[in-house]
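These notes concern the structure reproduced below.
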Amino acid sequence: MKIPAIFIFFLFFSFFAFAQRTIKGKVVASANGAPVAGCSVFINNTSKGTASDKNGNFELNDISPGKHELVVSSIGYETSVYPFNSVQLPLQLKIELQVKVKELGNVIVEPSVEEGWDKWGKTFTDNFIGTTPNASHCKIKNQKAIHFRYYKKSNRVIAYSDEPLIFENKALGYRISYQLEEFEVNFKTRVSMYYGYPYFEDMETGRKSRVSRWQRNRDKAYYGSMMHFMRSLYIDSMAQQGFEVRRMFRTPNEEKERVKKIHRTEDLPADSIAYYERILGQPDYKERYAKDLLTGDSLIIGTEGPFKILFFTDYIYVTYKNEIEDRDYLVAQRENRQPTWQRSYLTMPDPRQVEIDINGSYPPQDILAWGYWSWSEKMADFLPLDYEP
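Right under this line is the structure:
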(Lines of atoms letter the chains of each structure in order from A and count residues from 1; the text may use other names and numbers.)
(Lines give C-alpha, C1' and ligand atoms only; values in the text may rest on other atoms or scores of the structure.)
Protein backbone atom coordinates (compact mmCIF):
# COMPACT_ATOMS: atom_id res chain seq x y z
CA MET A 1 0.00 0.00 0.00
CA LYS A 2 2.94 2.37 0.44
CA ILE A 3 3.74 2.66 -3.26
CA PRO A 4 0.24 3.82 -4.33
CA ALA A 5 0.19 6.24 -1.40
CA ILE A 6 3.47 7.79 -2.50
CA PHE A 7 2.24 7.96 -6.10
CA ILE A 8 -0.99 9.69 -5.06
CA PHE A 9 0.95 12.15 -2.91
CA PHE A 10 3.23 13.17 -5.75
CA LEU A 11 0.33 13.36 -8.17
CA PHE A 12 -1.51 15.68 -5.78
CA PHE A 13 1.62 17.74 -5.12
CA SER A 14 2.25 18.17 -8.85
CA PHE A 15 -1.34 19.29 -9.42
CA PHE A 16 -1.12 21.69 -6.47
CA ALA A 17 2.10 23.26 -7.78
CA PHE A 18 0.55 23.59 -11.24
CA ALA A 19 -2.51 25.31 -9.78
CA GLN A 20 -0.30 27.70 -7.83
CA ARG A 21 1.18 29.04 -11.10
CA THR A 22 -2.14 30.17 -12.54
CA ILE A 23 -3.81 33.44 -13.49
CA LYS A 24 -7.57 33.52 -13.93
CA GLY A 25 -9.58 36.58 -14.75
CA LYS A 26 -12.32 38.40 -16.57
CA VAL A 27 -12.04 41.22 -19.10
CA VAL A 28 -14.76 43.86 -19.07
CA ALA A 29 -15.34 47.28 -20.63
CA SER A 30 -14.70 49.98 -18.04
CA ALA A 31 -17.61 52.10 -19.32
CA ASN A 32 -20.39 49.60 -18.60
CA GLY A 33 -18.84 46.44 -17.17
CA ALA A 34 -19.84 44.36 -20.20
CA PRO A 35 -17.60 41.36 -20.90
CA VAL A 36 -15.12 41.76 -23.77
CA ALA A 37 -14.79 38.57 -25.78
CA GLY A 38 -11.90 37.60 -28.03
CA CYS A 39 -9.25 39.67 -26.24
CA SER A 40 -5.66 38.65 -26.69
CA VAL A 41 -4.33 37.76 -23.22
CA PHE A 42 -0.66 36.80 -22.93
CA ILE A 43 2.51 37.00 -20.90
CA ASN A 44 4.70 39.61 -22.56
CA ASN A 45 7.54 38.30 -24.74
CA THR A 46 6.60 34.63 -24.28
CA SER A 47 4.62 31.90 -26.02
CA LYS A 48 2.16 31.77 -23.11
CA GLY A 49 -1.21 33.21 -24.14
CA THR A 50 -4.91 32.70 -24.74
CA ALA A 51 -8.07 34.61 -25.69
CA SER A 52 -11.00 35.65 -23.51
CA ASP A 53 -14.19 33.62 -24.04
CA LYS A 54 -17.68 34.96 -24.78
CA ASN A 55 -18.07 35.89 -21.11
CA GLY A 56 -14.69 37.67 -21.00
CA ASN A 57 -13.09 34.92 -18.91
CA PHE A 58 -9.53 33.65 -19.38
CA GLU A 59 -7.04 31.34 -17.69
CA LEU A 60 -3.28 30.94 -18.01
CA ASN A 61 -1.43 28.04 -16.39
CA ASP A 62 2.12 26.87 -15.74
CA ILE A 63 3.60 30.38 -15.55
CA SER A 64 7.38 30.38 -15.15
CA PRO A 65 9.16 32.00 -12.18
CA GLY A 66 10.15 35.66 -12.38
CA LYS A 67 8.75 39.09 -13.07
CA HIS A 68 6.23 39.27 -15.88
CA GLU A 69 3.71 41.54 -17.57
CA LEU A 70 0.21 40.30 -18.35
CA VAL A 71 -0.90 42.03 -21.55
CA VAL A 72 -4.57 42.33 -22.53
CA SER A 73 -5.38 43.89 -25.89
CA SER A 74 -8.40 44.24 -28.14
CA ILE A 75 -9.05 46.42 -31.19
CA GLY A 76 -10.76 49.64 -30.16
CA TYR A 77 -9.41 49.53 -26.59
CA GLU A 78 -6.27 50.78 -24.89
CA THR A 79 -3.77 48.02 -24.13
CA SER A 80 -3.84 46.97 -20.48
CA VAL A 81 -0.58 45.83 -18.88
CA TYR A 82 -0.54 44.22 -15.44
CA PRO A 83 2.96 43.70 -13.94
CA PHE A 84 3.25 40.81 -11.51
CA ASN A 85 5.76 38.59 -9.79
CA SER A 86 5.39 34.82 -9.84
CA VAL A 87 5.52 34.81 -6.03
CA GLN A 88 2.06 36.47 -6.14
CA LEU A 89 0.51 33.50 -7.93
CA PRO A 90 -2.20 32.28 -8.08
CA LEU A 91 -4.02 35.46 -9.16
CA GLN A 92 -7.67 36.24 -9.78
CA LEU A 93 -8.03 39.46 -11.79
CA LYS A 94 -10.66 41.75 -13.19
CA ILE A 95 -9.25 43.66 -16.17
CA GLU A 96 -11.12 46.81 -17.17
CA LEU A 97 -10.37 48.04 -20.69
CA GLN A 98 -10.63 51.70 -21.60
CA VAL A 99 -12.02 52.67 -25.00
CA LYS A 100 -9.22 54.03 -27.18
CA VAL A 101 -9.64 57.79 -27.41
CA LYS A 102 -8.93 59.62 -30.64
CA GLU A 103 -6.28 62.32 -30.51
CA LEU A 104 -7.60 65.45 -28.86
CA GLY A 105 -8.32 68.45 -31.04
CA ASN A 106 -6.10 70.80 -29.03
CA VAL A 107 -3.06 68.56 -29.44
CA ILE A 108 -1.01 69.58 -32.46
CA VAL A 109 0.34 66.61 -34.38
CA GLU A 110 1.68 66.10 -37.84
CA PRO A 111 -0.79 64.41 -40.20
CA SER A 112 -0.21 60.83 -41.22
CA VAL A 113 1.97 60.51 -44.30
CA GLU A 114 -0.04 59.46 -47.35
CA GLU A 115 1.41 56.38 -49.02
CA GLY A 116 3.56 56.13 -45.91
CA TRP A 117 4.68 52.56 -46.48
CA ASP A 118 6.19 53.39 -49.88
CA LYS A 119 8.24 56.17 -48.28
CA TRP A 120 9.01 54.79 -44.82
CA GLY A 121 8.41 51.05 -45.06
CA LYS A 122 12.09 50.14 -45.50
CA THR A 123 13.07 52.41 -42.61
CA PHE A 124 10.51 50.61 -40.45
CA THR A 125 11.50 47.07 -41.39
CA ASP A 126 15.25 47.77 -41.14
CA ASN A 127 14.87 49.12 -37.60
CA PHE A 128 12.09 46.84 -36.35
CA ILE A 129 12.65 43.50 -38.06
CA GLY A 130 16.32 44.09 -38.83
CA THR A 131 18.74 43.34 -41.65
CA THR A 132 20.13 39.98 -40.52
CA PRO A 133 19.80 36.92 -42.80
CA ASN A 134 16.65 35.92 -40.88
CA ALA A 135 15.00 39.25 -41.73
CA SER A 136 14.52 38.22 -45.36
CA HIS A 137 12.28 35.39 -44.11
CA CYS A 138 9.98 37.70 -42.12
CA LYS A 139 6.80 39.19 -43.51
CA ILE A 140 4.35 41.60 -41.89
CA LYS A 141 0.88 40.33 -42.78
CA ASN A 142 -1.01 43.56 -42.05
CA GLN A 143 1.42 46.28 -43.08
CA LYS A 144 -1.51 48.53 -44.11
CA ALA A 145 -2.27 48.91 -40.40
CA ILE A 146 1.01 50.81 -39.92
CA HIS A 147 0.83 54.61 -40.21
CA PHE A 148 3.67 57.12 -40.23
CA ARG A 149 4.20 60.71 -39.19
CA TYR A 150 7.24 62.73 -40.16
CA TYR A 151 8.36 65.69 -38.03
CA LYS A 152 10.41 67.92 -40.30
CA LYS A 153 11.69 70.28 -37.61
CA SER A 154 13.22 67.50 -35.50
CA ASN A 155 13.93 65.26 -38.53
CA ARG A 156 12.32 62.15 -37.11
CA VAL A 157 9.63 59.70 -38.14
CA ILE A 158 7.26 57.78 -35.89
CA ALA A 159 5.10 54.76 -36.68
CA TYR A 160 1.93 53.59 -34.97
CA SER A 161 -0.84 51.04 -35.43
CA ASP A 162 -4.36 50.69 -34.06
CA GLU A 163 -4.14 46.90 -34.11
CA PRO A 164 -1.47 44.32 -33.27
CA LEU A 165 1.09 43.76 -36.00
CA ILE A 166 1.05 40.20 -37.25
CA PHE A 167 4.16 38.84 -38.86
CA GLU A 168 5.58 35.46 -39.67
CA ASN A 169 9.19 34.54 -39.13
CA LYS A 170 9.73 31.57 -41.41
CA ALA A 171 13.39 31.35 -40.42
CA LEU A 172 12.58 30.64 -36.75
CA GLY A 173 9.08 29.20 -37.21
CA TYR A 174 7.15 31.81 -35.20
CA ARG A 175 3.95 33.69 -35.84
CA ILE A 176 4.24 36.84 -33.74
CA SER A 177 1.54 39.25 -32.66
CA TYR A 178 3.19 42.53 -31.68
CA GLN A 179 1.29 45.25 -29.84
CA LEU A 180 3.32 48.26 -31.00
CA GLU A 181 3.37 51.04 -28.41
CA GLU A 182 6.11 53.27 -29.78
CA PHE A 183 8.44 53.42 -32.77
CA GLU A 184 10.73 56.31 -33.67
CA VAL A 185 13.75 56.91 -35.87
CA ASN A 186 15.61 60.15 -35.20
CA PHE A 187 17.73 60.95 -38.24
CA LYS A 188 19.45 63.84 -36.48
CA THR A 189 20.82 61.74 -33.61
CA ARG A 190 20.91 58.51 -35.66
CA VAL A 191 19.07 56.69 -32.90
CA SER A 192 16.11 54.36 -33.39
CA MET A 193 13.90 52.89 -30.69
CA TYR A 194 10.71 50.89 -30.41
CA TYR A 195 8.86 49.02 -27.73
CA GLY A 196 5.76 46.94 -27.44
CA TYR A 197 4.41 43.59 -26.36
CA PRO A 198 5.14 40.48 -28.47
CA TYR A 199 3.33 37.16 -28.24
CA PHE A 200 4.92 34.13 -29.93
CA GLU A 201 3.15 31.14 -31.44
CA ASP A 202 4.81 28.19 -33.17
CA MET A 203 4.01 28.01 -36.86
CA GLU A 204 2.39 24.78 -37.96
CA THR A 205 4.01 22.35 -40.34
CA GLY A 206 3.75 18.67 -41.05
CA ARG A 207 7.35 18.33 -42.14
CA LYS A 208 9.90 17.12 -39.61
CA SER A 209 12.76 18.54 -41.67
CA ARG A 210 11.29 22.04 -41.37
CA VAL A 211 10.86 21.68 -37.61
CA SER A 212 14.50 20.58 -37.33
CA ARG A 213 15.63 23.57 -39.40
CA TRP A 214 13.62 25.94 -37.19
CA GLN A 215 15.24 24.46 -34.10
CA ARG A 216 18.73 24.88 -35.55
CA ASN A 217 17.99 28.49 -36.50
CA ARG A 218 16.54 29.22 -33.06
CA ASP A 219 19.63 27.82 -31.39
CA LYS A 220 21.85 29.93 -33.64
CA ALA A 221 19.82 33.04 -32.77
CA TYR A 222 20.03 32.21 -29.07
CA TYR A 223 23.75 31.56 -28.65
CA GLY A 224 25.59 34.84 -28.29
CA SER A 225 22.38 36.85 -27.87
CA MET A 226 21.63 39.26 -25.03
CA MET A 227 19.24 36.67 -23.61
CA HIS A 228 22.07 34.13 -23.55
CA PHE A 229 24.40 36.68 -21.97
CA MET A 230 21.92 37.72 -19.26
CA ARG A 231 21.18 34.10 -18.38
CA SER A 232 24.89 33.30 -18.11
CA LEU A 233 25.40 36.43 -16.00
CA TYR A 234 22.57 35.33 -13.70
CA ILE A 235 24.27 31.99 -12.95
CA ASP A 236 27.81 33.45 -13.09
CA SER A 237 28.92 31.30 -16.02
CA MET A 238 29.88 33.96 -18.57
CA ALA A 239 33.33 32.52 -19.32
CA GLN A 240 32.00 28.97 -19.60
CA GLN A 241 29.34 30.19 -22.04
CA GLY A 242 31.90 31.88 -24.28
CA PHE A 243 31.64 35.50 -23.10
CA GLU A 244 34.57 37.74 -22.19
CA VAL A 245 33.56 40.90 -20.34
CA ARG A 246 35.72 43.94 -19.62
CA ARG A 247 35.12 47.46 -18.45
CA MET A 248 35.32 50.06 -21.18
CA PHE A 249 35.88 53.78 -20.84
CA ARG A 250 34.97 56.34 -23.51
CA THR A 251 36.36 59.86 -23.55
CA PRO A 252 35.76 62.63 -26.11
CA ASN A 253 38.37 62.92 -28.84
CA GLU A 254 39.62 66.38 -27.83
CA GLU A 255 41.96 66.76 -30.78
CA LYS A 256 39.11 66.10 -33.19
CA GLU A 257 36.94 68.68 -31.42
CA ARG A 258 39.78 71.22 -31.65
CA VAL A 259 40.32 70.52 -35.34
CA LYS A 260 36.60 70.80 -36.05
CA LYS A 261 36.50 74.32 -34.63
CA ILE A 262 39.55 75.42 -36.60
CA HIS A 263 38.28 73.77 -39.78
CA ARG A 264 35.00 75.69 -39.57
CA THR A 265 36.49 79.11 -38.88
CA GLU A 266 39.88 79.32 -40.56
CA ASP A 267 41.44 78.91 -43.98
CA LEU A 268 43.91 76.07 -43.68
CA PRO A 269 47.43 76.10 -45.10
CA ALA A 270 48.04 73.40 -47.68
CA ASP A 271 50.53 71.52 -45.50
CA SER A 272 47.92 71.21 -42.71
CA ILE A 273 45.03 69.88 -44.79
CA ALA A 274 46.21 66.25 -44.82
CA TYR A 275 46.64 66.22 -41.03
CA TYR A 276 43.24 67.81 -40.41
CA GLU A 277 41.48 65.39 -42.75
CA ARG A 278 43.12 62.45 -40.99
CA ILE A 279 41.99 63.71 -37.56
CA LEU A 280 38.45 64.44 -38.78
CA GLY A 281 38.25 60.83 -39.98
CA GLN A 282 38.82 59.53 -36.44
CA PRO A 283 35.95 58.45 -34.13
CA ASP A 284 34.32 61.10 -31.94
CA TYR A 285 35.35 59.12 -28.85
CA LYS A 286 38.47 57.33 -27.74
CA GLU A 287 37.94 53.94 -26.15
CA ARG A 288 40.07 52.32 -23.49
CA TYR A 289 39.59 48.74 -22.30
CA ALA A 290 40.47 47.33 -18.92
CA LYS A 291 42.90 44.42 -19.05
CA ASP A 292 41.21 42.25 -16.42
CA LEU A 293 38.14 40.17 -17.24
CA LEU A 294 35.00 40.70 -15.18
CA THR A 295 33.17 37.90 -13.43
CA GLY A 296 29.48 37.77 -12.64
CA ASP A 297 29.96 38.68 -8.99
CA SER A 298 31.68 41.94 -10.00
CA LEU A 299 28.55 43.03 -11.86
CA ILE A 300 25.87 41.47 -9.66
CA ILE A 301 25.73 43.52 -6.46
CA GLY A 302 22.98 41.65 -4.65
CA THR A 303 19.97 39.36 -4.70
CA GLU A 304 16.30 40.10 -4.07
CA GLY A 305 14.28 36.89 -3.93
CA PRO A 306 14.59 35.20 -7.33
CA PHE A 307 16.22 38.27 -8.90
CA LYS A 308 19.86 39.27 -9.28
CA ILE A 309 20.70 42.98 -9.08
CA LEU A 310 22.92 44.24 -11.90
CA PHE A 311 24.79 47.54 -11.71
CA PHE A 312 27.77 49.04 -13.51
CA THR A 313 29.08 52.45 -14.51
CA ASP A 314 30.60 53.60 -17.78
CA TYR A 315 30.44 50.68 -20.23
CA ILE A 316 30.99 46.96 -20.29
CA TYR A 317 32.56 45.46 -23.38
CA VAL A 318 31.28 41.98 -24.26
CA THR A 319 33.05 39.62 -26.66
CA TYR A 320 31.35 36.37 -27.67
CA LYS A 321 34.11 33.96 -28.71
CA ASN A 322 32.04 30.98 -29.82
CA GLU A 323 30.86 32.64 -33.04
CA ILE A 324 32.27 35.18 -35.48
CA GLU A 325 30.43 38.16 -36.95
CA ASP A 326 28.00 37.64 -39.79
CA ARG A 327 29.27 39.18 -43.02
CA ASP A 328 25.96 41.02 -43.39
CA TYR A 329 26.90 42.94 -40.24
CA LEU A 330 30.12 44.16 -41.86
CA VAL A 331 28.16 45.21 -44.95
CA ALA A 332 25.66 47.12 -42.79
CA GLN A 333 28.54 48.84 -40.96
CA ARG A 334 30.42 49.49 -44.21
CA GLU A 335 33.50 47.82 -42.80
CA ASN A 336 35.93 46.29 -45.27
CA ARG A 337 37.62 43.64 -43.13
CA GLN A 338 37.45 39.98 -42.22
CA PRO A 339 34.87 38.88 -39.59
CA THR A 340 36.11 38.51 -36.04
CA TRP A 341 34.50 37.71 -32.68
CA GLN A 342 31.08 39.23 -32.02
CA ARG A 343 31.74 42.37 -29.98
CA SER A 344 29.17 44.58 -28.26
CA TYR A 345 29.08 47.04 -25.42
CA LEU A 346 26.42 47.96 -22.93
CA THR A 347 25.66 51.10 -20.99
CA MET A 348 23.00 52.28 -18.57
CA PRO A 349 21.58 55.60 -19.84
CA ASP A 350 20.31 56.40 -16.35
CA PRO A 351 22.54 54.36 -14.02
CA ARG A 352 20.38 52.41 -11.63
CA GLN A 353 20.10 48.96 -10.18
CA VAL A 354 18.54 46.57 -12.71
CA GLU A 355 16.77 43.34 -11.83
CA ILE A 356 17.38 40.31 -14.02
CA ASP A 357 15.77 36.91 -13.62
CA ILE A 358 16.77 33.38 -14.48
CA ASN A 359 15.11 33.65 -17.92
CA GLY A 360 17.37 36.56 -18.86
CA SER A 361 14.56 39.09 -18.54
CA TYR A 362 15.36 42.70 -17.63
CA PRO A 363 13.78 46.15 -18.25
CA PRO A 364 15.03 46.84 -21.81
CA GLN A 365 14.85 50.62 -21.42
CA ASP A 366 17.45 50.46 -18.62
CA ILE A 367 20.27 49.00 -20.75
CA LEU A 368 21.39 50.19 -24.18
CA ALA A 369 23.37 47.97 -26.54
CA TRP A 370 25.87 49.08 -29.17
CA GLY A 371 28.05 47.20 -31.60
CA TYR A 372 27.01 43.74 -32.77
CA TRP A 373 23.93 43.52 -30.55
CA SER A 374 22.60 46.81 -31.89
CA TRP A 375 22.42 45.03 -35.26
CA SER A 376 21.38 41.51 -34.25
CA GLU A 377 18.86 42.22 -31.48
CA LYS A 378 15.86 42.95 -33.71
CA MET A 379 12.57 41.06 -34.10
CA ALA A 380 13.89 38.78 -36.87
CA ASP A 381 16.15 37.12 -34.27
CA PHE A 382 14.07 37.57 -31.12
CA LEU A 383 13.10 34.51 -29.10
CA PRO A 384 10.44 34.24 -26.39
CA LEU A 385 11.67 34.41 -22.82
CA ASP A 386 10.45 30.87 -22.19
CA TYR A 387 12.70 29.52 -24.95
CA GLU A 388 15.17 26.81 -23.97
CA PRO A 389 17.89 25.69 -26.43
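Reading the sequence shown from the start, the letters are residues 1 to 389 in my numbering.
We put the beta carbon where it would ideally sit given N, CA and C, even for glycine.
Identity of the residue in Ile-356, Ser-298, Leu-293 and Lys-256 nearest Lys-286 by Cα: Lys-256
Looking at the secondary structure, which residues open and close the alpha helix (DSSP H) in which Asn-217 lies? 208-222
Taking the C-alpha atoms as reference points, what is the distance between Ile-301 and Ser-237? 16 Å
Sorted by chain position, which residues of the same chain lie with C-beta nearer than 7 Å to Glu-244's C-beta, five sequence neighbours on each side aside? Leu-293, Thr-319 and Lys-321
What does a CB cutoff of less than 7 Å around Gly-434 pick up in its chain, not counting 5 residues either side in sequence? In the structure displayed, the chain extends from 1 to 389; residue 434 sits before or after that span and is not available.
Span of the alpha helix (DSSP H), counted from its first residue to its last, around Ser-298: Counting along the chain, the alpha helix (DSSP H) containing Ser-298 begins and ends at 296-299.
Through-space distance from Ala-274 to Pro-83, alpha-carbon basis: Using only the alpha carbons, I get a separation of about 58 Å.
If we call anything under 9 Å between Cβ atoms a contact, is Pro-384 one with Phe-200? In contact: Pro-384 and Phe-200 (Cβ atoms closer than 9 Å).
Any idea which residues DSSP pairs His-147 with across the strands? In the DSSP output, where bridge partners are listed per residue, His-147 has Tyr-160.
So, is Asn-217 buried or exposed, given that buried needs 16 or more other C-beta atoms within 10 angstroms? Buried: at least 16 other Cβ atoms inside 10 Å.
Keeping to the same chain, check which residues put their C-beta closer than 7 Å to that of Trp-214; ignore five residues upstream and five downstream. Leu-172 and Gly-173
Buried versus exposed call for Asn-134 [16 or more other C-beta atoms within 10 Å across all chains shown]: buried
Among residues of its own chain, excluding the 5 on either side of Asp-219, which ones have a beta-carbon nearer than 7 Å to its beta-carbon? Hits under 7 Å: Pro-389.
What do you get for Gly-76, buried or exposed, if any count of 16 or more other CB atoms within 10 angstroms of its CB means buried? exposed
Do Trp-375 and Thr-347 count as a contact pair if the criterion is CB distance below 9 Å? The answer is no: Cβ separation not under 9 Å.
Is it true that the CB of Asn-85 sits closer than 9 Å to the CB of Gly-305? yes
Going straight from the alpha carbon of Phe-124 to that of Phe-382, what length do you get? Phe-124 and Phe-382 have their C-alpha atoms some 16 Å from each other.
May I ask which residues mark the beginning and end of the beta strand (DSSP E) holding Met-193? 191-202
Please name the residue, chosen from Gln-20, Asn-45, Ser-80 and Lys-67, that lies closest to Ala-29 on a Cα-to-Cα basis. The candidate whose alpha carbon is nearest that of Ala-29 is Ser-80.
Among the candidates Asp-386, Leu-330 and Asp-297, whose CA atom is the shortest distance from the CA of Tyr-234? Cα-wise, what sits closest to Tyr-234 is Asp-297.
Exposed or buried, what is Glu-181 when buried is set at 16 or more other beta-carbons lying within 10 Å of its beta-carbon? Its Cβ having fewer than 16 others within 10 Å, Glu-181 is exposed.
Assuming Phe-20 contacts Pro-90 under a Cβ cut-off of 8 Å, what Cβ separation, rounded to an integer in Å, is found between them? Position check: residue 20 holds Gln in this sequence, whereas Phe was assumed. Yes, Gln-20 and Pro-90 are in contact; Cβ-Cβ is about 6 Å, under 8 Å.
When Gln-88, Ile-158, Gln-98 and His-137 are compared against Gly-116, the one with the closest alpha-carbon: Each of Gln-88, Ile-158, Gln-98 and His-137 was checked against the Cα of Gly-116, and the nearest Cα belongs to Ile-158.
Please state the DSSP three-state secondary structure of Lys-153. coil
For the beta strand (DSSP E) holding Asn-186, just list the boundary residues, first then last. 174-186
Which value, in whole angstroms, describes the spacing of the CA atoms of Val-251 and Pro-349? Here residue 251 is Thr; the residue named in the question, Val, does not match the sequence. Rounded to whole angstroms, Thr-251 to Pro-349 spans 16 Å at the Cα level.
Just list the beta strand (DSSP E) runs in the segment 69-96, keeping only unbroken ones of 3 residues or longer that don't cross its boundaries, in chain order. 80-85
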